[in-house]
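K.L.:
Its first residue numbered -15, the sequence shown is counted upward by one per residue in the numbering used here.
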Amino acid sequence: MTTSRRFLTGTVLLFCVITGARVLAAQETTGAAPQADGVNKSPAIVEKPDPLKRPLTDKEKLAQKKALKEELKGSYKKWVDEDVRWIITDQELQAFKSLSNDEERDQFIEQFWLRRNPNPDSPENEYREEHYARIAYANEHFAAGKPGWRTDRGHIYIAYGKADSIDSHPSGGSYERPMEEGGGNTSTYPFETWHYRYLEGIGDNIDIEFVDTCMCGDYHMTIDRSEKDALKNVPGAGQTMYEQMGQSTKADRFSGGGLEQLGAGPMSSSNQSKQFDRLDRFAKLMAPPEIKFKDLEAFMATSKILTGPPFLFDVRTDYVKVTNDTVIVPLTLQIRNGDITFTNKDGVAMGTVNILGRVSNLNHKPIETFEDTVNVQVPSELLARKRNDLSVYWKSLPLRPGLYKIEIVIKDVNNPDHIGRWERSLNVPRYDDDRLASSSLILADQMERVPSKDIGAGNFVIGNTRIRPRVPTGVAVPVTFHRAQNLNFWMQVYNLGIDEKSKQNGATIEYSIMDMATNKAILQTEESTLKTNPNADQVTIEKSLPLASLQPGKYQVNIKVNDGVSKQQIAESAPFNVD
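(1) Please work out which residues of its chain come closer than 7 Å, Cβ to Cβ, to residue 125, disregarding the five sequence neighbours upstream and downstream, and give them in chain order.
(2) Leaving aside the five residues before and after residue 15 along the sequence, list all residues of the same chain whose C-beta is less than 6 Å from its C-beta, in chain order.
(3) How close, in whole Å, do the beta carbons of residue 336 and residue 359 come, if the pair is a contact with beta carbons under 8 Å?
(4) Candidates 179, 316, 332: which alpha carbon is nearest residue 443's?
(5) Take the Cβ of residue 154 as the centre, count every other Cβ of all protein chains shown within 10 Å, and call the residue buried at 16 or more, exposed below.
(6) Would you mind working out which of 297, 304, 310, 557 sits nearest residue 320, comparing C-alpha positions?
(7) Mind checking whether residue 249 and residue 226 have CB atoms under 7 Å apart?
(8) If you run the structure through DSSP and keep just helix, strand and coil, what is residue 70?
(9) Quick one: using the 10 Å Cβ neighbour count with 16 as the cut-off for buried, is residue 498 buried or exposed?
(10) Please identify the residue among 537, 204, 172, 151 whose C-alpha is closest to the C-alpha of residue 467.
(11) Just mark residue 563 as buried or exposed, buried being the case when its beta carbon has 16 or more other beta carbons within 10 Å.
(12) Looking at the secondary structure, which residues open and close the alpha helix (DSSP H) in which residue 95 lies?
(13) Among residues of its own chain, excluding the 5 on either side of residue 417, which ones have a beta-carbon nearer than 8 Å to its beta-carbon?
(14) I'd like to check one pair, residue 451 with residue 428: are the Cβ atoms closer than 7 Å?
(15) Using DSSP's beta-bridge definition, name the partner residues of residue 126.
(16) With DSSP as the reference, label residue 52 as helix, strand or coil.
(17) Can you give me the Cβ contacts of residue 190 inside the same chain, cut-off strictly under 6 Å, excluding the 5 residues immediately before and after it?
(18) What are the boundary residues of the alpha helix (DSSP H) that residue 367 is part of?
(19) Whole angstroms is fine: what's the gap from residue 518's alpha carbon to residue 490's?
(20) Identify, in the order they occur along the chain, each residue of the same chain with its Cβ nearer than 6 Å to the Cβ of residue 109, setting aside the five sequence neighbours on each side.
(21) For residue 454, which option in 134, 376, 161 has the closest C-alpha, if you only look at C-alpha atoms?
(22) Got a sec, what are the start and stop residues for the alpha helix (DSSP H) residue 265 sits in?
(23) Suppose only complete runs of 3+ residues qualify. What are the beta strand (DSSP E) ranges in the segment 389 to 445, listed by chain order?
(24) Would you kindly report the start and end of the unbroken beta strand (DSSP E) that includes residue 379?
(25) Based on the DSSP secondary-structure assignment, which residues constitute the bridge partners of residue 159?
(26) Helix or strand or just coil, what does DSSP make of residue 186?
(27) Any idea what DSSP makes of residue 213, helix, strand or coil?
(28) Under 7 Å between the Cβ atoms of residue 212 and residue 172?
(29) Do you know how far the Cα of residue 147 is from the Cα of residue 119?
(30) Go ahead and label residue 166 buried or exposed: buried means 16 or more other beta carbons lie within 10 angstroms of its beta carbon, across all protein chains shown.
(31) Do residue 473 and residue 527 have their C-beta atoms within less than 7 Å of each other?
(32) Ordered along the chain, which non-local residues of its own chain (more than five positions away) have a Cβ less than 6 Å from that of residue 512?
(33) Quick one: is residue 141 buried, meaning 16 or more other Cβ sit within 10 Å of its Cβ, or exposed?
(34) So, at 8 Å on beta carbons, what are the nonlocal neighbours of residue 322 in its own chain, with the 5 sequence-adjacent residues on each side left out?
(35) Among residues of its own chain, excluding the 5 on either side of residue 555, which ones have a beta-carbon nearer than 8 Å to its beta-carbon?
(36) Kindly indicate which three-state DSSP category residue 224 falls into: helix, strand or coil?
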């Protein structure tokens, strides 16, 4: 109580001091004379609002927000509003609308289709081609006063493809109801029932009913199987079995609410219990396809605590320039076979790992998402011997220069509690035209030329070379090679100077292999770009070295580039072990 009084007293004193100061200031400003009662009177001051500080109305705020954000136009608006309307997820749509320029939109669209490509090794995207073929089919067969892709039949066909079977009644007419719809005979509007044996994420034996109540060809999807009944609102006509037997009346169809107006019947209680299932199925059909590994997304979005033993894996990231605004980030993921749970069937041991990855910007907005399944097959009799072998997965991510966060979650399918999570920051470099630079120096256990038709496509392919990087087993841990293997190293050099007169470059590249135990070079050589690629401002370094002559130990690859034209120099190195 004492504290409250002291606080109140202090407040009153503070108010008096401030008030007195204001009165004194007003007296000094206006020159008003003091009155007999000691109170100074001055002309009333009328405060006028500052028009610059006036709060904005909701309408003005909305207009300001629209002005700050560039509106989608032309082909991009058509792409998001028409082309992918039925397959783009809410998360992807939000990310696309937040992009600020056409280059980012082009990159997003490219990744959108890559994410859905069922065969990443193929230069053609089968999913995209099939999708646009479905749009063309829908426009040709389902148009009804509006483009076919906008109709419900077009929506389902584009999202899920051709039905396994279709029960079509284009003219309606006489219809013998099945017992689950109440039995009895009636007359119907035109309707179709599409049957799918299986739809991923929805279930088995899916029946979708479309009804043309306007008799204009515009079939709409319905949950209520009685909607096709043209005599439903005609007294005494089209009665169900119970209505014919006097056990119910037609008025019973419209009482009690519910999703369907089938009326009372031998299976009405069963139909009522399935209403929520029908509503849930309808919602799933109308929604865009979900992420394939939804269970793994929970570990990514909420950092869910792992309940089982951690699923350990290693990740390597590299950087390769494509343009000034686009950098390819090859991502190599490595799993030890001994950490995978195998099941044996017909003499073959099979292990399956689901992978979900996401790249986000500094505002936590997803930029890239990828998902895949890795299958490892080993003859059952060789499984014990192969448990120490490594399985690798490769993903190429085109990103703009900048800082990102990358998250990867993996799941051992044969052991659902076996989950692994990996998270790192990703600083994608910027390659300026006037600065000598290089890609990552990649040490690989496999490196070979690819056929011309496979250039730039397929797993582990960079340009015209298939290169499988060795992945370190920890931060700052060198990769390991066996003496029976070859050491392959790959690197690109960018922005070599070109002489104005000769139109040729003039750089020298020095290579060396250092023995870290003695700090001496066991191999050292030099070559000129004039002999390898004299007219290019970019060169690719590809070397292969047998390791049989090296003793077990620690070594390091060093590459130094001296540009005689631009007078710049860069150097890269990578350690490795030989066992």
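C-beta: ideal position from N, C-alpha, C; glycine also. Because the structure is a prediction, the values reported are computed rather than measured.
P.N.:
In short:
(1) The residue you call residue 125 lines up with position 141 of the sequence shown. Taken in chain order, the residues that qualify are 132.
(2) Here residue 15 corresponds to residue number 31 of the sequence shown, with the count starting at 1. Confidence at residue 15 is low in this model, with a pLDDT of 44, below 50, so the placement of that residue is unreliable and no value is reported for it.
(3) For the purposes of this step, residue 336 is identified with residue 352 of the sequence shown, where counting begins at 1. For the purposes of this step, residue 359 is identified with residue 375 of the sequence shown, where counting begins at 1. Yes, they are in contact, since the Cβ atoms of residue 336 and residue 359 sit about 5 Å apart, within 8 Å.
(4) Residue numbering aside, residue 443 sits at position 459 when the sequence shown is read from its first letter. The option with the nearest alpha carbon to residue 443 is 316.
(5) The sequence position of residue 154 within the sequence shown is 170, counting from 1. So residue 154 ends up on the exposed side.
(6) Here residue 320 refers to the residue found at position 336 of the sequence shown. Nearest option by C-alpha distance: 297.
(7) In the sequence shown, counting from the first residue as 1, residue 249 sits at position 265. In the sequence shown, counting from the first residue as 1, residue 226 sits at position 242. Result yes, Cβ atoms of residue 249 and residue 226 sit closer than 7 Å.
(8) The count along the sequence shown starts at 1 and reaches residue 70 at position 86. DSSP, read as helix, strand or coil, puts residue 70 in coil.
(9) For the purposes of this step, residue 498 is identified with residue 514 of the sequence shown, where counting begins at 1. Buried: at least 16 other Cβ atoms inside 10 Å.
(10) By one-based count along the sequence shown, residue 467 stands at place 483. It is 537.
(11) Here residue 563 refers to the residue found at position 579 when the sequence shown is read from its first residue. Per the 10 Å Cβ criterion, exposed.
(12) Residue numbering aside, residue 95 sits at position 111 when the sequence shown is read from its first letter. It spans 86 to 100 - the alpha helix (DSSP H) in which residue 95 sits, taken as one unbroken run.
(13) Locating residue 417 in the sequence shown gives position 433, where the first residue counts as 1. Excluding residues within five positions, the ones whose Cβ falls inside 8 Å are 308, 479.
(14) The sequence position of residue 428 within the sequence shown is 444, counting from 1. The sequence position of residue 451 within the sequence shown is 467, counting from 1. Yes, the Cβ-Cβ distance between residue 428 and residue 451 is below 7 Å.
(15) Taking the sequence shown and counting its residues from 1, one reaches residue 126 at position 142. BP columns for residue 126 are empty, so no partner.
(16) Your numbering for residue 52 matches position 68 in the sequence shown. Residue placement at residue 52 is poorly supported in this model, since its pLDDT is 41, which falls under 50; the coordinates still yield a value, given next. The answer is helix: DSSP assigns residue 52 an H, G or I state.
(17) Taking the sequence shown and counting its residues from 1, the one referred to as residue 190 is at position 206. For residue 190, where only same-chain residues beyond five positions count, the Cβ hits under 6 Å are 180, 183.
(18) On the sequence shown, position 383 is the one that residue 367 refers to. 367 to 370 is the extent of the alpha helix (DSSP H) around residue 367.
(19) Residue mapping note: residue 518 aligns to position 534 of the sequence shown, counting from 1. Residue mapping note: residue 490 aligns to position 506 of the sequence shown, counting from 1. Near 7 Å, if we compare the C-alpha coordinates of residue 490 and residue 518.
(20) The sequence position of residue 109 within the sequence shown is 125, counting from 1. Once the five neighbours on either side are set aside, the close Cβ partners of residue 109 are 97, 101.
(21) Against the sequence shown, residue 454 aligns to sequence position 470. Answer by Cα proximity: 376.
(22) Start at 1 with the first residue of the sequence shown, and residue 265 comes out as number 281. Looking at the DSSP string, the run of the alpha helix (DSSP H) that includes residue 265 is 259 to 270.
(23) 403 to 412, 426 to 433
(24) To locate residue 379, count along the sequence shown from 1; it is residue 395. Note, residue 379: beta strand (DSSP E), 374 to 383.
(25) The residue you call residue 159 lines up with position 175 of the sequence shown. Answer is 170, bridged to residue 159.
(26) Taking the sequence shown and counting its residues from 1, the one referred to as residue 186 is at position 202. It is coil, neither helix nor strand.
(27) In the sequence shown, residue 213 corresponds to position 229, counting from 1. Collapsing the DSSP output to three states places residue 213 in a strand.
(28) For the purposes of this step, residue 212 is taken as the residue at position 228 of the sequence shown. For the purposes of this step, residue 172 is taken as the residue at position 188 of the sequence shown. Yes, Cβ-Cβ distance for residue 212 and residue 172 is below 7 Å.
(29) The residue you call residue 119 lines up with position 135 of the sequence shown. The residue you call residue 147 lines up with position 163 of the sequence shown. So the alpha carbons of these two residues sit roughly 15 Å apart.
(30) For the purposes of this step, residue 166 is taken as residue 182 along the sequence shown, with counting starting at 1. With 16 or more Cβ atoms within 10 Å of its Cβ, residue 166 is classed as buried.
(31) Looking up residue 473 in the sequence shown gives position 489. Looking up residue 527 in the sequence shown gives position 543. Yes; because the gap between Cβ atoms is below 7 Å, this pair is in contact.
(32) Position 528 of the sequence shown holds residue 512. Taken in chain order, the residues that qualify are 492.
(33) Here residue 141 refers to the residue found at position 157 of the sequence shown. The residue in question, residue 141, is buried, as its Cβ has 16 or more Cβ neighbours within 10 Å.
(34) As a first step, residue 322 is located in the sequence shown; it is residue number 338 there, counting from the start. For residue 322, where only same-chain residues beyond five positions count, the Cβ hits under 8 Å are 371, 372.
(35) Position 571 of the sequence shown, counting from 1, holds the residue named residue 555. Counting only Cβ-Cβ distances below 8 Å, and skipping sequence neighbours, we find 542, 543, 544, 545.
(36) Taking the sequence shown and counting its residues from 1, one reaches residue 224 at position 240. Looking at residue 224 - three-state DSSP - the assignment turns out to be coil, as it is neither helix nor strand.
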